[in-house]
Amino acid sequence: MAKIVENLGVAIQGSDYTVVKKAGKKGETVEKHDHPEANVLFTVVKGHMEVTIGDKDVFNLVPGQILSFDGSNTISAKFVEDSEFFVTLILKR
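In structure tokens, the structure reads:
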């Protein structure tokens with residue numbers, strides 16, 4: 298069955314993956330956290346995000362770019378401008 302998802306929050310969920318849609322305004326932040334159970338894909342679809350993995354690896358992401366990392370690393374982020382992104386959590390086996 299096909300489905301279009303537009304709302305923020307958990308967009309799609311399966312037995313070994315979860316896709317979450319997030320959005321924020323310029324200057325807002327995503328506090329440092331981790332997802333040790335998963336491999337993570339961070340995909341910006343609108344705007345510009347500054348993402349920090351661990352304490353020092355900083356990535357400036359714009360639409361069309363995907364950041365892939367092991368969820369045992371911490372992530373924090375800053376909205377450089379009004380932005381939307383998807384986080385895909387793929388459970389480790």
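Those letters in the sequence shown? Residues 298 to 390, by our numbering. Beta carbons are placed, not taken as given, at the ideal position from N, Cα and C, and that holds for glycine. The structure presented is a predicted model; accordingly, all values stated were derived computationally and were not measured.
Asked, Found
"Top-ranked residue by Cα proximity to K389, from K319, Q310, H332 and G321", "H332"
"Sequence ranges, beta strand (DSSP E) only - wholly within the region 310-370, length at least 3", "314-321, 326-330, 335-343, 346-350, 354-358 and 363-367"
"Environment of A299 [buried if 16+ CB atoms lie within 10 Å]", "exposed"
"Rounded straight-line distance, which links the Cα of I301 to that of V355", "32 Å"
"Best match in I350, E378 and N370 for proximity to P360 [C-alpha to C-alpha]", "E378"
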